[in-house]
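Step one of this worksheet: look at the structure below.
Numbering (UniProt numbering), first residue to last: 1 to 199.
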């Protein structure tokens, strides 16, 4: 799945209507070019592709935007695609770090309990990975003389994996606690949540 696809859908949805330059500006503010490779060309390509797939629709632009500005609005089908990508990116470790990063700006568009559930699912996967990695470390230490094709210092790689999964698990536990403790405003609550379409 493409992080750019979810980001573009999410920004257009958040703004209600947006042209390519507005989408690009928002994503630059989030430094998405650094962690999701959202270059200007990929943003404009995504807008056209999403429109061709009926996930966005082109709407008539106001004259002050100029004649060359195509303005987009998310469709009902696009809304479904956005939430499918968002749910998968939050809950599924295999979706990859770029997708998870792309999901984070939009997590408040979910209901609080839904987000907590998805994060707990992700936490279980991360903890399982940490356990499997610990087994790799233990087996490498046990065979400390090394085997052909498996030098003893390979455990440094396994220890790095373990440290990163442990760090993610600690962050997830903290975030889940904060979400359940009332931090931020989520969909269905009194104030409009960040990332929600304008009323």
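Ideal Cβ positions, reconstructed from N, Cα and C, are used throughout, including at glycine. Just so we're clear, the structure is a prediction, and the values are computed from it rather than from any experiment.
Under the three-state DSSP convention, the category residue i falls into
i: residue 126; result: helix
i: residue 60; result: coil
i: residue 71; result: strand
i: residue 18; result: strand
i: residue 194; result: coil
i: residue 55; result: coil
i: residue 151; result: coil
i: residue 183; result: coil
i: residue 76; result: helix
i: residue 30; result: coil
i: residue 103; result: helix
i: residue 10; result: helix
i: residue 118; result: helix
i: residue 189; result: coil
i: residue 2; result: coil
i: residue 49; result: helix
i: residue 36; result: coil
i: residue 136; result: helix
Span separating the alpha-carbon of residue i from that of residue j
i: residue 158; j: residue 39; result: 33 Å
i: residue 182; j: residue 172; result: 16 Å
i: residue 186; j: residue 110; result: 6 Å
i: residue 100; j: residue 76; result: 23 Å
i: residue 136; j: residue 160; result: 12 Å
i: residue 82; j: residue 152; result: 45 Å
i: residue 59; j: residue 31; result: 28 Å
i: residue 126; j: residue 17; result: 37 Å
i: residue 155; j: residue 133; result: 10 Å
i: residue 197; j: residue 166; result: 36 Å
i: residue 46; j: residue 89; result: 18 Å
i: residue 178; j: residue 12; result: 28 Å
i: residue 188; j: residue 128; result: 33 Å
i: residue 164; j: residue 54; result: 39 Å
i: residue 84; j: residue 184; result: 22 Å
i: residue 27; j: residue 34; result: 10 Å
i: residue 98; j: residue 112; result: 23 Å
i: residue 140; j: residue 10; result: 44 Å
i: residue 162; j: residue 138; result: 12 Å
Proximity test, residue i beta-carbon vs the ligand ADP heavy atom, cut-off 8 Å
i: residue 107; result: For the ligand ADP, the structure offers nothing, since it holds no ligand at all.
8 Å CB neighbourhood of residue i in its chain, flanking five on each side removed
i: residue 123; result: 169, 172, 173, 176
i: residue 79; result: 13
i: residue 191; result: 185
Residues of its chain near residue i, where Cβ-Cβ distance is below 6 Å and the 5 sequence neighbours each way are ignored
i: residue 107; result: 115
i: residue 102; result: 3, 6, 7, 36
Close beta carbons around residue i, own chain, < 7 Å, minus the five adjacent residues each side
i: residue 87; result: 118
i: residue 130; result: 162, 165, 166, 169
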